[in-house]
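Once you know that position 197 of the sequence shown is 249 in the numbering used here, the rest is easy, because the numbers rise by one and skip nothing.
All remarks here apply to the structure that follows.
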Amino acid sequence: MSDRQSRRRGSELLAVRAWRFLPLLLFLATGGLAIPKASAGRYNPDRDIGDTVPGWENLPGVDGKQHSWSDNASSELLVVVFTCNSCPYAVDYEPRINALARRWRQAGDRVRLVAINSNTIPEDSFAAMRRRAEARQFAFPYLVDESQAVARSFGAVRTPEFFVIDRERRIRYMGALDDSADPAKVKIRYLEDAVEALLAGQPVAVAETPPVGCMIRARRSRRMRSATE
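Printed below as a string of structure tokens:
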């Protein structure tokens, strides 16, 4: 083998070895973002179907009571919806959410619905939540998650975003209520189909869908002015 051939062969080997380390280099360059979390779902950044979520304790409700996960221990399924006052999508879905809560309550204790507001902006203050619940005659507990810890534990990022949880606190469905924000155009009722399948002991045909709505918003903070400004 000539010197030129040897040098070319050496360059090819170096190139192959460099490609082997490319995933590691990308991982380090992006601070670990190049590799997704193993527990993430298709649309949820932190949770997957079958994951167990922690129960919450003593979340204030607009009814003046403290609410905990154990309040729903007698139900087979708990529907948790992260919603708010300020998002137009959440407002549009309120009548449908309320109708479902009323129907499930009248049918017995097998399914309960709880709404949680994790927004911390002024438009979603606790006082505003109480006014809205009274005006709309909400048929479900409307709770405030001021620390946003519950939303983070579910991997919830939008309003409205729905989860169906079983007695073992496992996620059985998560995502959107249905396939259209316009009730007149709804063709597939993802949440209802999931609940009916689970109550019948059947597998859920569509267990995860992309939630559609506004991003959950944290408290706005003013930028501190420096002494030289």
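For every residue, glycine included, the Cβ atom is placed at its ideal position computed from N, Cα and C.
As the structure is a computational prediction, the values presented were derived from the model and not from experiment.
Assignment of R154 by DSSP, reduced to helix, strand and coil, places it in the helix class. Unbroken alpha helix (DSSP H) runs of no fewer than 4 residues, entirely contained in the region 98 to 180, are found at 140 to 158, following chain order. Beyond the five residues adjoining it in sequence on each side, E213 comes within less than 6 Å, by CB distance, of F134, P263 in the same chain, given in chain order.
For L243, the uninterrupted alpha helix (DSSP H) segment begins and ends at 242 to 251. Around the Cβ of G102, a 10 Å sphere holds fewer than 16 other Cβ atoms; the residue is exposed. DSSP places F206 in the uninterrupted alpha helix (DSSP H) bounded by 201 to 206.
By alpha-carbon distance to P147, the top candidate from N110, N171, A187, R204 is A187. Proximity of the region 218 to 234 to the region 185 to 201 falls short of the contact definition, fewer than three beta-carbon pairs being nearer than 8 Å. The DSSP-derived three-state label of E186 is helix. Per DSSP, the continuous beta strand (DSSP E) segment holding G227 begins and ends at 223 to 227. Residue pairing from DSSP places R210 in a beta bridge opposite M267.
About 27 Å separates the beta carbon of T104 from that of R269, a gap too long to meet the 8 Å contact definition. Here P235 is exposed: its Cβ has fewer than 16 other Cβ atoms, across all protein chains shown, within 10 Å.
When only Cα atoms are considered, D161 and E248 end up about 14 Å apart. Cβ neighbours of P106 within its own chain (closer than 7 Å, five residues either side excluded): S205.
Here the alpha carbons of A180 and V166 stand approximately 18 Å from one another. Rounded to whole angstroms, the gap between the alpha carbons of V143 and G265 is 10 Å.
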